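One structure is given here, and the rest of the page talks about it.
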Amino acid sequence: MKWDEFFVTGDPLIYGADVSIGLTVIGILFYLTYFKKWQWLWREWLTTVDHKKLGIMYIASAVLMLFRGGVDALLMRVQLATPDSKFLDAQHYNEIFTTHGTIMIIFMAMPFLIGLINVVIPLQIGARDVAFPYLNAVSFWTFFIGAMLFNISFVIGGSPSAGWTSYMPLAGNELSPGPGQNYYLLGLQIAGIGTLLTGINFLVTILKMRAPGMTLFKMPMFTWSALITMIIIVFAFPILTVALALMTFDRLFGAHFFTLQGAGMDMLWANLFWLWGHPEVYIVVLPAFGMFSEIISTFSRKVLFGYKAMVWAMVIIAGYSFLVWVHHFFTMGQGELVNSVFSITTMIIGIPTGIKIFNWLFTMYKGKISFTTPMLWSLGFIVNFVIGGVTGVMLAMAAADYQYHNTYFLVAHFHYVLIAGTVFSCFAGLIFWYPKMFGYKLNEAIGKWVFWVFNIGFNVCFIPQFILGLDGMPRRVYTYSAASGWGGLNMLSTVGGFLMGIAFLILAYNFYYSFRYSERENTGDSWGLGRTLEWATTSAVPPHYNFAVTPTVTAMDPLIQMKRDKQDVKPKIEDIKKIHMPDNSGVPFFMASFFFVAGFGLVFEWYWMGIVGLIGVFITLIIRSFDKNEGYYVSEEEIKETERLTV
Amino acid sequence: MAHAEVHDHNTPLEYQSETGRLNILGFWVFLGAEIALFSTLFATYLVLMYRTADGPTPHELFELKGVLIETFLLLTSSFTCGIAIHEMRRRNRKGLFIWMIITLALGAGFLGYEIYEFVTYVHEGAALGTSAFWSGFFVIVGTHGLHVTMGIAWITLILIQVARRGLTPQTSAKVFISSLYWHFLDVVWIFIFTAVYLTGMVLHNG
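Residue numbers (my numbering), protein chains in the order written: chain X, 1 to 647; chain R, 1 to 206.
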């Protein structure tokens, strides 16, 4: 392989990216060296097993990926703004829409939510950390390395271009030669390991580590949503693991699972992909529902309406999420009986979702509502998500779907579900729990600007796409003719896209502005309206052991109960005992790095490198197994000092 | 997060530490994920069952004798593994070692026969790339075989730890978890024996 096949060449956009990547890396290296931050970085972040820090790293990575996926989106919108545009060629456009979809789902939405779950859930259930803190670090680093492996594809070797669904035979060796599709397979495979481990970790954490008195039906709704999400992850992600492995065998070792030769079956891929892919939709939307439940209840100053109905609705959704996958390809030849069955299951799954919408509305009914930014995002969610849901029921009718499928109507529908559901919840949750992570709020005035610009931009971007879709504009095309008459609405849609981009920049500015100027919080209950245990810590940012004394729960919304009882959250000095905590470890970082070596080797079919990487992974596993990892104790004196308790 | 806790002496050693209990539950959840993984492989195999293209059919190549020996070895190893855990609960380290080493030897015998079987098939013209059917066959049986290989390596490492550190709540939880894994592989093999070998010989007949 020559160097010009190794590096992507010939496109000024790519050269620009090369330069900016190089400058960023040099900038970071310079900063770390000049300000002597290497040791700090290693000790505080790269080796940490603290759920709060891992959560922050998840969220930071997700925001970076939101930027990357957003730039992809804007490039597509520029290309589509005018008919017969020459801005991108067909191959480049295909690569960008593939990476946009994959990054937004796998490397933005999931890590953002998992990050918030990481920060909040152990606090919300009154635990010291997760059940397996070391495994949590492995989860983060395999996700991060998987994301990096996928992301370097656009400058080294070329990006995948078969769509985020990677249908066969398009994604096979004949139609997608070169390393691009391998990046997709290996990047997702490595990140998928991390997600599965997160699923196991939080399932056990929520089942076993709740504070005394917190029975299942006293759990906060976000914890419930996380629990159910983790169950879906545990049963859905192995399907993706297998599907990716089989396609890897097809591409690298000449197997015939999904190929046209050797009696392979291309539709088998579509089925396996969506057998994971549809539960995945609920993996990214159930935690969103959980967060909106918390926020709406908090800022309406009311207990959540229909708590049990909410829980059962999620349980039903989780079950049905595995029974609707065929609706993603009604038009791909199953026959009317199969289509009818999946049409009905799809409509049924809309019912529990509808129940939840009413529960949120009734929670607000007669509530004393504070229109803070997290609440604004929640209200925006309800309105926009209903548009996504109603159009979803339209698409669920198999016969009608023949008209809508593969048009921009479908594109607009799932953006209304995923942006209004997942992205809004990520913003809402980030703003809501921001003081828990950093000890100060994001500026509310700037936050409102972000909300309105983003919301208007979002609707200006996607409402025209509904109309374009009904007018027959197909998706996945890189250009269209002027005679089609689609130019005007596409331009409008592009304007909306850029408004969302501007909102993102204002948000980025808000991170900076609030870091500099926001008032520092001095209580754990930053909004003053907290209902659940994460707000019952003594300081805004909880110490690494979370609670000096494990709280006892007597009612749902335990902090509200404590406030009613005039009970102080400050622990009594005689209750302080030494606390056992897990040791930091650099092993997860190295394990993930070896995964990167192995993945990169397999992408280019350099098998020696793949084997070296895998041997490295096994060595790190053995090192961990032989490590006694006994942890350490936080002394009573240290706790008293941290909590500012004096005799 | 191990706490010094008081237990009545009926609590098995592996359940005595908080870490041990959490790890065992976590591993059960992991086995749930493994069931999803193998279910997907079984579904794939069954979908591709008649798709032999120009390659040989399983009926032409499968031989019951080797498969029966493999089955016998692996099922027996599950039994000896159970005895090993029984010995561990009696705090009999020597018994644990003897029965675990027998278990691993049986597992290695199983693997030997499987590798021999694979080599034979390849010589007779059925490899991973021969047809969709053989892709499915080699991947499902191979995935199980890879699990057995990992199991042997993993249990060996754990036995070294028991030899060095003795039977503690930590090491015994590891032994117990690895035994769950070993029994699970046995269960999967029963399904492979049925869905792959028996159906392959019966349904492809004619």
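Beta carbons: idealized from backbone N, C-alpha and C, even for Gly.
Computed from a predicted structure; not experimentally measured.
Exposure of Leu-29/X is indicated by the presence of fewer than 16 other C-beta atoms within 10 angstroms of its C-beta. Counting C-beta atoms within 10 angstroms of its own C-beta, Trp-3/X has fewer than 16 neighbours from the protein chains shown and is therefore classed as exposed. With 16 or more neighbouring CB atoms inside 10 Å of its own CB, Thr-537/X falls in the buried class. In the three-state scheme derived from DSSP, where H, G and I count as helix and E and B as strand, Ile-125/X is classed as coil. Nearest in C-alpha terms to Ala-400/X, of all of Ser-340/X, Met-219/X, Val-285/X, Asn-384/X, is Ser-340/X.
With a cutoff of 9 Å on beta-carbon distance, Phe-112/X and Thr-422/X are scored as near each other. Within its own chain, the residues whose Cβ lies closer than 7 Å to the Cβ of Met-364/X, once the five positions on either side in sequence are excluded, are Ile-296, Ser-300, listed in chain order. Pairing Ser-378/X with Ala-445/X gives a Cβ-Cβ distance that is not under 9 Å. Rounded to the nearest whole angstrom, the CA to CA distance from Pro-169/R to Pro-133/X is 19 Å. Annotated three-state conformation of Tyr-632/X is strand, per DSSP. In this structure, Gly-180/X is the residue among Ile-145/X, Phe-87/X, Gly-180/X with its C-alpha nearest to the C-alpha of Phe-604/X. With fewer than 16 other beta carbons inside 10 angstroms of its own, Asn-522/X counts as exposed. It is roughly 16 Å from the alpha-carbon of Leu-74/X to the alpha-carbon of Pro-464/X. Within chain X, no C-beta atom comes less than 9 Å from the C-beta of Leu-104/R; the nearest is roughly 17 Å away. Per the DSSP secondary-structure output, Ile-579/X pairs in a beta bridge with Val-634/X. According to DSSP, residue pairing for Tyr-440/X in a beta bridge involves Arg-520/X. In this chain, the alpha helix (DSSP H) harbouring Asp-186/R covers 169 to 192. The beta carbon of Phe-42/R is closer than 8 Å to those of Ile-140, Phe-191, Ala-195 in its chain, skipping five residues each way along the sequence.
Contact of His-327/X with chain R is not assigned, every C-beta pair being separated by 9 Å or more. Of the residues assessed, Gly-457/X falls on the buried side of the cut-off, its CB having 16 or more other CB atoms within 10 angstroms. Interface criterion met: the Cβ of Ile-158/R is under 9 Å from a Cβ in chain X. Secondary structure of Ile-156/X (DSSP, three-state): strand.
A residue is called buried when at least 16 other Cβ atoms come within 10 angstroms of its Cβ; Ala-236/X meets this threshold and is buried.
Across the structure, Gly-145/R and Leu-111/R are spaced so that their CA atoms are roughly 7 Å apart. When the five nearest sequence neighbours on each side are left out, the beta carbons in the same chain lying within less than 6 Å of the beta carbon of Gly-20/R are those of Glu-14, Pro-169, Ala-173, in order along the chain.
Under DSSP, Phe-7/X shares a beta bridge with Ile-156/X. Going by DSSP, Arg-475/X is part of no alpha helix (DSSP H) at all; its letter is neither H nor E. Thr-223/X sits in a helix when the DSSP states are folded into three classes.
Below the 8 Å Cβ cutoff, chain X contributes Phe-253, Gly-254, Ala-255, His-256, Gly-262 as neighbours of Gly-129/R, in chain order.
Taking a cut-off of 8 Å on C-beta distances, the region 250 to 269 of chain X does not touch the region 63 to 73 of chain R, as fewer than three cross pairs fall below it.
Rounded to whole angstroms, the gap between the alpha carbons of His-100/X and Gly-69/X is 5 Å. For Thr-40/R, the closest of Ala-171/X, Met-57/X, Ile-193/X, Trp-276/X by C-alpha to C-alpha distance is Trp-276/X. Residue range 51 to 81 is occupied by the alpha helix (DSSP H) that includes Val-78/X. Counting along the chain, Met-108/X sits inside no alpha helix (DSSP H), nor does DSSP assign it H or E at all.
Not a single C-beta of chain R is nearer than 9 Å to the C-beta of Pro-160/X. DSSP, reduced to helix, strand and coil, places Thr-407/X within a strand of the structure shown.
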